[in-house]
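*Asks:* With the working numbering applied, the sequence shown closes on residue 794, and no number is skipped along the way.
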Amino acid sequence: MYVREYDNKDEKACVQRFGKKHRHKHARIIKQQGPHPSKQFFLALLDETGAIRPNLLNEFYEIQNSMVSENANPISIITFLYTLPTFWKGFKRDLEETDLYQTLNEHKSSYLGDKIELAWRKEEENARKSKRTPSLRRVLIKVFGIEFMFYGIVLAFTEFAIRLNQPVWLGMLVRYFAPIGKNGGNAGVISLTKSGDFQNRSQETMIQPIALGQLILYYTPNQTRITKDEAYMYAGAVVLCSLIYVFIIHPYMMGIVHLGMKLRVACCSLIYRKALRLSKTALGQTTAGQLVNLLSNDVNRFDVAVLFAHQLWVGPLETIVITYLMYLQIGISAVIGVTALLCFIPLQFWLGKKTSVLRLKTAIRTDERVRLMNEIISGVQVIKMYTWEKPFANLVSLARKHEIRAVTGASYVRGVLLSFIMFSTRISIFISIFAYILFGETIYSTRISIFISIFAYILFGETIYAEQVFVITSFYSILRQSMTIFFPQGIGQIAEANISIKRLNNFLMYDENKILCRDNKTENIENGSIKDVKDEIKPELAQNDRIKGITIKNVTAKWSESSTDNTLSNISMELRPRKLIAVIGPVGSGKTSLLHAILKELPLEEGTIDVNGEISYASQEPWLFAGTVRQNILFGLPMERARYKMVVKRCALERDFTLLPHGDKTIVGERGVSLSGGQRARINLARAVYKQADIYLLDDPLSAVDTVAGKELESI
Numbered sequence: 079m080y081v082r083e084y085d086n087k088d089e090k091a092c093v094q095r096f097g098k099k100h101r102h103k104h105a106r107i108i109k110q111q112g113p114h115p116s117k118q119f120f121l122a123l124l125d126e127t128g129a130i131r132p133n134l135l136n137e138f139y140e141i142q143n144s145m146v147s148e149n150a151n152p153i154s155i156i157t158f159l160y161t162l163p164t165f166w167k168g169f170k171r172d173l174e175e176t177d178l179y180q181t182l183n184e185h186k187s188s189y190l191g192d193k194i195e196l197a198w199r200k201e202e203e204n205a206r207k208s209k210r211t212p213s214l215r216r217v218l219i220k221v222f223g224i225e226f227m228f229y230g231i232v233l234a235f236t237e238f239a240i241r242l243n244q245p246v247w248l249g250m251l252v253r254y255f256a257p258i259g260k261n262g263g264n265a266g267v268i269s270l271t272k273s274g275d276f277q278n279r280s281q282e283t284m285i286q287p288i289a290l291g292q293l294i295l296y297y298t299p300n301q302t303r304i305t306k307d308e309a310y311m312y313a314g315a316v317v318l319c320s321l322i323y324v325f326i327i328h329p330y331m332m333g334i335v336h337l338g339m340k341l342r343v344a345c346c347s348l349i350y351r352k353a354l355r356l357s358k359t360a361l362g363q364t365t366a367g368q369l370v371n372l373l374s375n376d377v378n379r380f381d382v383a384v385l386f387a388h389q390l391w392v393g394p395l396e397t398i399v400i401t402y403l404m405y406l407q408i409g410i411s412a413v414i415g416v417t418a419l420l421c422f423i424p425l426q427f428w429l430g431k432k433t434s435v436l437r438l439k440t441a442i443r444t445d446e447r448v449r450l451m452n453e454i455i456s457g458v459q460v461i462k463m464y465t466w467e468k469p470f471a472n473l474v475s476l477a478r479k480h481e482i483r484a485v486t487g488a489s490y491v492r493g494v495l496l497s498f499i500m501f502s503t504r505i506s507i508f509i510s511i512f513a514y515i516l517f518g519e520t521i522y523s524t525r526i527s528i529f530i531s532i533f534a535y536i537l538f539g540e541t542i543y544a545e546q547v548f549v550i551t552s553f554y555s556i557l558r559q560s561m562t563i564f565f566p567q568g569i570g571q572i573a574e575a576n577i578s579i580k581r582l583n584n585f586l587m588y589d590e591n592k593i594l595c596r597d598n599k600t601e602n603i604e605n606g607s608i609k610d611v612k613d614e615i616k617p618e619l620a621q622n623d624r625i626k627g628i629t630i631k632n633v634t635a636k637w638s639e640s641s642t643d644n645t646l647s648n649i650s651m652e653l654r655p656r657k658l659i660a661v662i663g664p665v666g667s668g669k670t671s672l673l674h675a676i677l678k679e680l681p682l683e684e685g686t687i688d689v690n691g692e693i694s695y696a697s698q699e700p701w702l703f704a705g706t707v708r709q710n711i712l713f714g715l716p717m718e719r720a721r722y723k724m725v726v727k728r729c730a731l732e733r734d735f736t737l738l739p740h741g742d743k744t745i746v747g748e749r750g751v752s753l754s755g756g757q758r759a760r761i762n763l764a765r766a767v768y769k770q771a772d773i774y775l776l777d778d779p780l781s782a783v784d785t786v787a788g789k790e791l792e793s794i
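The structure is reproduced here in structure tokens:
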């Protein structure tokens with residue numbers, strides 16, 4: 079029946095089976111199977127009830143979209159042609175989620191997180207052996223260093239082998255149109271009175287700038303040195319250099335941006351995993367504001383830093399090469415002009431160092447403001463009740479004022495760095511041409527800047543060739559981009575990235591709980607370390623046959639290593655299944671700490687804890703997340719209606735569901751601010767009870783429950 083319905087492949091059939099919302103999506107799948115889709119294809123889309131199987135459709139789109147980006151040919155990659163189908167779909171209709179390309183495996187957080195975490199663990203081990211501090215910078219270099227240097231080589235090839243050749247070819251073409259000189263020579267030919275051998279060397283060594291110079295030389299009137307065929311060759315060289323540069327630089331930019339993204343994603347994953355393992359002592363040393371700032375601000379520095387990082391070594395090398403090439407053109411005047419440009423480099427380094435200092439101050443101020451805002455949001459009920467809005471608003475304004483002051487200082491420094499873009503290059507060009515005039519060289523060109531022409535006319539009335547003007551100006555344009563735009567940006571961004579790396583490194587150095595056994599429910603804690611006891615049991619005794627329970631032997635533990643008093647001292651007990659065991663004692667006697675030791679939240683100094691079975695835990699302080707009441711109870715587990723109904727009844731939540739506006743589908747705010755303390759406590763208990771576990775650890779879950787509900791729960 080269903081197959082006959084789909085054989086038609088018309089929109090009506092898709093509407094009948096899939097509904098209007100998804101008719102386009104499924105019609106496209108059917109059309110992609112050809113004029114006669116097979117019966118097996120349609121049956122694969124249906125389950126036993128004849129309903130559509132969305133998971134298979136999602137897998138179909140994942141395979142289809144991933145193949146488009148991963149299997150693109152080189153031409154499609156360098157021209158980005160593989161993205162055209164998406165733009166074409168967006169032109170014809172609204173894009174849907176299934177139209178987007180799937181994330182590449184190498185870009186996924188799980189893959190990058192595993193990769194950098196493994197490298198970080200090895201770095202910690204090596205640092206422990208060599209008695210030094212682990213370095214996140216060293217880890218990033220090991221994980222991403224090869225890819226980073228590959229892009230550096232691509233950039234260097236693009237700059238030195240392609241970009242630097244275009245001005246020279248243009249200058250040689252301009253020489254073709256050079257006028258005849260007074261003595262019958264070609265006035266467009268370079269004629270340096272003090273460095274006569276520059277002419278031949280310039281023709282041999284310049285490439286892209288040389289092509290640009292030769293191209294301009296061709297258009298000099300009455301010249302005979304450059305033939306028409308050579309002029310075509312120089313013009314083709316200029317165009318070809320530009321074309322190759324475009325086809326290389328844009329894939330390079332996409333690749334380097336992806337590298338920055340991978341650095342950011344990897345560090346975010348590493349921070350997240352570290353936060354889940356922080357010990358109680360470490361949690362007291364950090365704040366939520368610091369963690370949010372690390373994930374939202376610090377890691378974002380990698381996206382920009384990698385764009386300019388290679389300019390810190392490509393720029394100076396490019397400056398040396400360009401200085402030599404210009405020296406071949408106008409002699410010592412080029413050195414004078416470039417020297418004027420390089421005089422600003424020490425100032426740029428100093429400003430870059432100042433930027434890193436201000437960046438650290440800004441990060442500290444931001445951490446303080448975010449921490450203050452988190453505390454205000456958490457205690458907003460108390461603030462409103464005591465009408466403390468204005469005092470706390472003043473505190474936030476003061477914290478923000480201090481942050482803005484640090485941000486303003488960093489912005490001023492960044493503005494000074496960027497001001498070199500408009501200042502230093504023009505000064506260098508002016509000094510080079512001025513020095514060239516003073517050395518007695520000739521200047522003549524109708525295309526030269528007016529102020530240079532007037533200036534030359536007033537001083538000496540000398541002339542400079544159009545070929546030289548175009549070549550020198552082109553070279554300085556390259557220097558302008560490399561040394562006055564990218565180089566200062568690189569200094570500032572790398573300085574800020576170094577500060578971010580230090581902050582991330584400090585966070586990763588916080589104490590953490592020992593690594594948990596993820597696949598084995600049987601775990602053993604001995605002298606503060608957790609180890610799998612699967613290999614320790616006898617071969618004939620399977621894990622499932624072991625008696626569920628907890629064995630504690632001579633346990634001594636404390637929260638902080640610097641503390642002289644132990645939280646738990648020489649505790650031994652054995653907990654067997656099907657037993658209700660209560661631990662009683664005065665406040666501060668260590669009841670909660672004992673549960674935390676079992677949960678591996680409290681590091682052990684001595685003794686062992688052997689846990690056999692799956693644990694469900696209800697904390698003393700109930701906590702809820704922003705979502706429905708049902709979502710807070712299920713906590714990601716599948717819905718079992720019979721068990722869910724029983725848990726709701728046993729935890730005395732039935733009456734509460736009738737009072738809530740939408741029952742168990744009522745959305746509660748962060749930390750359950752819309753619920754009473756008793757309701758939060760019972761939902762917290764229901765979450766622990768709903769999970770089918772072998773061991774239930776309940777840390778005084780009825781402390782916030784009213785008397786009536788408490789008696790009802792105790793009777794059950």
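Here a beta-carbon is modelled for each residue, glycine too, at the ideal position from N, C-alpha and C.
Taking the Cβ atom as the reference point for each residue, do Ser647 and Lys631 lie within a distance shorter than 9 Å?
*Replies:* What you label residue 647 is simply residue 569 of the sequence shown in a count that begins at 1. What you label residue 631 is simply residue 553 of the sequence shown in a count that begins at 1. It is not a contact, given that the beta carbons lie outside the stated cut-off.
*Asks:* Please return the same chain residues whose Cβ sits closer than 8 Å to the Cβ of Lys340, not counting the five positions on each side in sequence.
*Replies:* For the purposes of this step, residue 340 is taken as the residue at position 262 of the sequence shown. Same-chain partners within the cutoff: Glu184, His185, Leu190 and Phe222.
*Asks:* With a cut-off of 8 Å, do at least 3 Cβ pairs link the segment 670 to 689 to the segment 626 to 642?
*Replies:* Flag = yes, the segment 670 to 689 and the segment 626 to 642 touch.
*Asks:* Please name the residue, chosen from Leu178, Tyr310, Lys207 and Thr157, that lies closest to Thr164 on a Cα-to-Cα basis.
*Replies:* For the purposes of this step, residue 164 is taken as residue 86 along the sequence shown, with counting starting at 1. It is Leu178 whose Cα lies nearest to the Cα of Thr164.
*Asks:* Looking only at DSSP bridge pairs, what is Leu233 linked to?
*Replies:* Here residue 233 refers to the residue found at position 155 of the sequence shown. DSSP, once it has assigned bridges, lists no residue as partnering Leu233.
*Asks:* Okay, do the segment 659 to 673 and the segment 715 to 726 touch, 3+ Cβ pairs below 8 Å being the bar?
*Replies:* No: the two stretches stay apart, fewer than three of their Cβ pairs being nearer than 8 Å.
*Asks:* Indicate whether Glu396 and Ser187 have their beta-carbon atoms separated by less than 9 Å.
*Replies:* The count along the sequence shown starts at 1 and reaches residue 396 at position 318. The count along the sequence shown starts at 1 and reaches residue 187 at position 109. Cβ distance not < 9 Å, so Glu396 and Ser187 don't count as in contact.
*Asks:* Let me know the secondary structure DSSP gives Leu653 once reduced to three states.
*Replies:* Counting from 1 along the sequence shown, the entry for residue 653 is found at position 575. In this structure, Leu653 counts as strand in the three-state DSSP scheme.
*Asks:* Starting from Asp688, trace the beta strand (DSSP E) in both directions and tell me its first and last residue.
*Replies:* For the purposes of this step, residue 688 is taken as the residue at position 610 of the sequence shown. Taken as a continuous stretch (DSSP letters only), the beta strand (DSSP E) holding Asp688 covers Leu682 to Asn690.
*Asks:* Please list, in chain order, all residues of the same chain as Leu369 whose beta carbon is under 7 Å from its beta carbon, the five residues on each side excluded.
*Replies:* For the purposes of this step, residue 369 is taken as the residue at position 291 of the sequence shown. Excluding residues within five positions, the ones whose Cβ falls inside 7 Å are Ala353.
*Asks:* Please report the straight-line C-alpha distance between Val232 and Cys319, rounded to a whole angstrom.
*Replies:* Position 154 of the sequence shown holds residue 232. Position 241 of the sequence shown holds residue 319. If I take the Cα positions, the gap works out to 15 Å.
*Asks:* Thinking C-alpha only, which one of Phe158, Leu653, Thr364 and Tyr405 is nearest Glu446?
*Replies:* Locating residue 446 in the sequence shown gives position 368, where the first residue counts as 1. The shortest Cα separation from Glu446 among Phe158, Leu653, Thr364 and Tyr405 belongs to Thr364.
*Asks:* When you compare only the Cα positions, how much space is there between Phe548 and Gln244?
*Replies:* One-based indexing of the sequence shown puts residue 548 at position 470. One-based indexing of the sequence shown puts residue 244 at position 166. The straight-line gap from Cα to Cα measures roughly 11 Å.
*Asks:* Could you tell me which residues DSSP pairs with Ile776 in its beta bridges?
*Replies:* As a first step, residue 776 is located in the sequence shown; it is residue number 698 there, counting from the start. Looking at the sequence itself, residue 776 is Leu, so the reference to Ile does not match. Paired residues: Ala696.
*Asks:* What are the boundary residues of the alpha helix (DSSP H) that includes Val458?
*Replies:* For this step, residue 458 is matched to residue 380 along the sequence shown. Val458 to Met463 is the span of the alpha helix (DSSP H), which, as asked, contains Val458.
*Asks:* Classify Gly266 as buried or exposed, calling it buried when 16 or more other Cβ atoms lie within 10 Å of its own Cβ.
*Replies:* Locating residue 266 in the sequence shown gives position 188, where the first residue counts as 1. Confidence at Gly266 is low in this model, with a pLDDT of 40, below 50, so the placement of that residue is unreliable and no value is reported for it.
*Asks:* Here's a check: name, in chain order, each residue in its chain whose Cβ is nearer than 6 Å to the Cβ of Ile194, leaving out the five neighbours to either side.
*Replies:* Position 116 of the sequence shown holds residue 194. The residues are Val221, Ala344 and Leu348.
*Asks:* Once the 5 residues before and after Val217 are set aside, which same chain residues still bring their CB inside 8 Å of it?
*Replies:* Your numbering for residue 217 matches position 139 in the sequence shown. Taken in chain order, the residues that qualify are Ile194, Ala197, Trp198 and Glu201.
*Asks:* Using the rule of at least 16 other Cβ atoms within 10 Å of the residue's Cβ for burial, across every protein chain shown, is Gln459 buried or exposed?
*Replies:* Taking the first residue of the sequence shown as 1, we reach residue 459 at position 381. Classification of Gln459: exposed, given that the 10 Å Cβ count is below 16.
*Asks:* Measuring only the C-alpha atoms, how far is Leu450 from Val474?
*Replies:* The residue given as residue 450 occupies position 372 in the sequence shown. The residue given as residue 474 occupies position 396 in the sequence shown. Approximately 7 Å, taken between the alpha carbons.
*Asks:* Does the Cβ of Thr440 have 16 or more other Cβ atoms within 10 Å, making it buried, or fewer, making it exposed?
*Replies:* Position 362 of the sequence shown holds residue 440. It counts as buried.
*Asks:* Please go through the segment 708 to 772 and give each complete alpha helix (DSSP H) segment of 4 or more residues, from N-terminal end onward.
*Replies:* The qualifying runs are 719 to 728, 732 to 737 and 755 to 768.
*Asks:* If you draw a straight line from the C-alpha of Val689 to the C-alpha of Glu652, how long is it?
*Replies:* Taking the first residue of the sequence shown as position 1, residue 689 is located at position 611. Taking the first residue of the sequence shown as position 1, residue 652 is located at position 574. Computed Cα separation, rounded: 10 Å.
*Asks:* Are the beta-carbon atoms belonging to Val491 and Gly393 less than 9 Å from one another?
*Replies:* Start at 1 with the first residue of the sequence shown, and residue 491 comes out as number 413. Start at 1 with the first residue of the sequence shown, and residue 393 comes out as number 315. No, these two residues do not count as a Cβ contact at 9 Å.
*Asks:* Based on Cα-Cα distance, which residue from Thr401, Ile326, Ala730 and Leu738 lies nearest to Glu229?
*Replies:* Mapped onto the sequence shown, residue 229 falls at position 151. For the record, residue 229 in the displayed sequence is Tyr; it is not Glu. Cα-wise, what sits closest to Tyr229 is Ile326.
*Asks:* Within 10 Å of its beta-carbon, does Cys421 have 16 or more other beta-carbons around it, so buried, or fewer, so exposed?
*Replies:* As a first step, residue 421 must be located in the sequence shown, where it is residue number 343. The residue is exposed, with fewer than 16 neighbouring Cβ atoms inside 10 Å.
*Asks:* Could you tell me the alpha carbon to alpha carbon distance between Arg654 and Gly627, rounded to whole angstroms?
*Replies:* Against the sequence shown, residue 654 aligns to sequence position 576. Against the sequence shown, residue 627 aligns to sequence position 549. Using only the alpha carbons, I get a separation of about 5 Å.
*Asks:* With C-beta atoms as the reference, is Asn472 less than 9 Å away from Ala366?
*Replies:* Looking up residue 472 in the sequence shown gives position 394. Looking up residue 366 in the sequence shown gives position 288. Cβ atoms of Asn472 and Ala366: not closer than 9 Å.
*Asks:* When burial is assigned at 16 or more other CB atoms within 10 Å of the CB, is Glu481 buried or exposed?
*Replies:* For this step, residue 481 is matched to residue 403 along the sequence shown. Classification for Glu481: buried.
*Asks:* What is the DSSP secondary structure of Thr706, counted as helix, strand or coil?
*Replies:* Here residue 706 corresponds to residue number 628 of the sequence shown, with the count starting at 1. Strand.
*Asks:* Identify which residue in Ile773, Lys723, Leu162 and Ile400 has its Cα closest to the Cα of Ile659.
*Replies:* In the sequence shown, residue 659 corresponds to position 581, counting from 1. That would be Ile773, whose Cα lies nearest to the Cα of Ile659.
*Asks:* Output the boundary residues of the alpha helix (DSSP H) element that contains Ile572.
*Replies:* In the sequence shown, counting from the first residue as 1, residue 572 sits at position 494. Segment Phe565 to Leu586, the alpha helix (DSSP H) holding Ile572.
*Asks:* For Ala484, which of helix, strand or coil comes out of DSSP?
*Replies:* Along the sequence shown, read from residue 1 onward, the residue named residue 484 stands at position 406. Correct three-state label for Ala484: helix.
*Asks:* Going by DSSP, which residues form a beta bridge with Thr629?
*Replies:* The count along the sequence shown starts at 1 and reaches residue 629 at position 551. Bridge partners of Thr629: Glu652 and Asp688.
*Asks:* Please classify Phe703 as buried or exposed, where buried requires at least 16 neighbouring CB atoms within 10 angstroms.
*Replies:* Taking the first residue of the sequence shown as position 1, residue 703 is located at position 625. Exposed: under 16 other Cβ atoms inside 10 Å.
*Asks:* So Val725 and Tyr695 are supposed to be a Cβ contact under 8 Å. How far apart are they, rounded?
*Replies:* Here the question's residue 725 lines up with position 647 in the sequence shown. Here the question's residue 695 lines up with position 617 in the sequence shown. Their Cβ separation, rounded to whole angstroms, is 16 Å, which puts Val725 and Tyr695 out of contact at 8 Å.
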